[in-house]
Amino acid sequence: MANARTGARPPVVNGFINLFKPPGITSMDALRQIKRITGQRQKVGHGGTIDPLARGVLPVCFGQATRLMDHIVGGVKRYRVEITLGVTTTTYDAEGEVVKTGDTQGLTQDMVEESLRPWVGLVKQTPPMYSAIKVDGKRLYKLARAGIEVEREARPVEIHDIKIMEFASPKLVLEVECGRGTYIRSLAHDVGEA
Numbered sequence: 008m009a010n011a012r013t014g015a016r017p018p019v020v021n022g023f024i025n026l027f028k029p030p031g032i033t034s035m036d037a038l039r040q041i042k043r044i045t046g047q048r049q050k051v052g053h054g055g056t057i058d059p060l061a062r063g064v065l066p067v068c069f070g071q072a073t074r075l076m077d078h079i080v081g082g083v084k085r086y087r088v089e090i091t092l093g094v095t096t097t098t099y100d101a102e103g104e105v106v107k108t109g110d111t112q113g114l115t116q117d118m119v120e121e122s123l124r125p126w127v128g129l130v131k132q133t134p135p136m137y138s139a140i141k142v143d144g145k146r147l148y149k150l151a152r153a154g155i156e157v158e159r160e161a162r163p164v165e166i167h168d169i170k171i172m173e174f175a176s177p178k179l180v181l182e183v184e185c186g187r188g189t190y191i192r193s194l195a196h197d198v199g200e201a
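According to my numbering, the stretch in the sequence shown is residues 8 to 201, in order.
Below, the structure written as structure tokens:
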């Protein structure tokens, strides 16, 4: 975008920034704001989608640095997640419709720790319907919003560690260290179903 007064174009930027994405906007919304602020339209990308309700660091790359993004985001990621046990929603988060409830009375921290053990290591994970993954060229979340549910193939993901940070049933706060492609919402759902 040219400067209205001088007609000059902003310089092309090459590099990275770590953007704090607040809750309530999508990763693409955040990227659009960065493009608007910097005036850079081409070769701007982000290093993975953060759920709209979540907040966190979103790596953003510009220009020639886009070629290096895989090296930046390929490592271990750390998430802190708050889970409400005994409630399942269509989206596996607080935005979705409640489709199932269960009794969590009598649930102990030892029981929760035991249910987490099988999820550490290389595991198969089915992505949620409300995700940006494409199936037959269509984003799953678009199909889900249209009321269409499709079979999703379980994918291998690596979960390095899961720590209980807080437990007061039905509230559970976990810290999860994992590799690329892990859906924390799916992990919360799978642990809840176990």
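Even glycine gets a Cβ: it sits at the ideal position worked out from N, Cα and C. As the structure is a prediction and not an experimental result, all values here were calculated from the model.
- Message: Measuring straight from C-alpha to C-alpha, what distance separates T97 and E156?
- Response: 11 Å
For my contact list, P163 and L123 are in at a C-beta cut-off of 8 Å; report their separation, rounded to the angstrom. Going by Cβ atoms, the distance from P163 to L123 rounds to 18 Å, so no, they are not a contact pair.
Worksheet item: Whose C-beta lies closer than 8 Å to the C-beta of N21 among residues of the same chain, with five residues either side of it excluded?
Response: F69, G70, Q71, A72
Pull up the distance between the alpha-carbon of R74 and that of G55, whole angstroms please.
14 Å
When DSSP labels each residue in this structure, what does A175 get in the three-state scheme?
strand
Could you check what DSSP says for V198 in three-state terms: helix, strand or coil?
helix
Within the continuous beta strand (DSSP E) that includes L60, where are the two ends? Here L60 belongs to no beta strand (DSSP E), and DSSP marks it neither H nor E.
* Same chain, Cβ closer than 7 Å to A37, five either side skipped, listed in chain order -> L26, K28, L65
Taking only three categories from DSSP, how would you classify Q40? helix
Query raised in the report: What first and last residue would you give for the beta strand (DSSP E) that runs through I90?
Result: 84-91
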